[in-house]
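Comments concern the structure below.
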Amino acid sequence: NKAEAEWNPIDTRLPNDTKALKYSFEVTGNRCKKIESSKIQVKNPKVISMEWDKKAIMWGEEIELKINTFEMAEEAPNAIIEIWEEEIKFPKRAITSTELVLDKDENTLKLTLDFSLVDVSQFANDNDYRIYGIVNIEKWGKYFKQTEENYLIVSDDF
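If you're matching positions, the sequence shown starts at 19 in the numbering used here and goes up one per residue.
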């Protein structure tokens with residue numbers, strides 16, 4: 019006679035939901051009463067949001083990126099924060115990156131957007147473009163992309 023255990027861990031929370039994940043095991047066997055374990059809390063660290071402190075800036079100005087996380091402070095992972103230009107021609111090219119330890123629920127990164135203009139595509143055709151952040155946590159094999167409504171507009175009207 020064998021007992022069988024079933025566990026179906028599915029995270030049904032919305033992206034900004036910070037309620038704790040709780041699961042249980044259900045154990046069954048021949049001629050045995052079904053038994054359910056007590057609730058088990060499981061951590062699921064993630065980036066909840068990334069927001070710039072301004073909606074638009076001029077090229078060369080300093081900007082602050084606020085990265086809000088959930089259940090990540092205890093782990094304090096090293097992350098690579100990449101800044102990407104929203105464009106179609108070369109969509110797999112970051113224009114700058116830096117490292118940051120995500121050791122708080124609210125992490126702040128200050129940047130001066132004075133990267134080489136050779137690395138951007140839209141300044142040749144337009145006076146401004148949109149950039150966004152990606153948090154890449156390599157040791158977990160996870161990345162989090164900034165939502166489109168929080169992209170930053172950068173202008174080259176010097």
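For each residue, glycine too, the CB sits at the ideal point set by N, CA and C.
- A direct Cα-Cα distance of roughly 17 Å separates Glu92 from Lys160.
- The shortest C-alpha to C-alpha distance from Leu32 to any of Glu44, Cys50, Ser55, Asn62 is the one to Asn62.
- The alpha-carbon separation between Met76 and Leu170 amounts to approximately 11 Å.
- With distances taken between CA atoms, Thr130 lies nearest to Ile101 out of Lys157, Trp158, Tyr147, Ile101.
- Taking the Cα of Val65 as reference, the smallest distance to any Cα among Ser173, Glu103, Gly47, Asp35 is reached at Asp35.
- Note that the C-beta distance between Glu156 and Ile99 is not below 8 Å.
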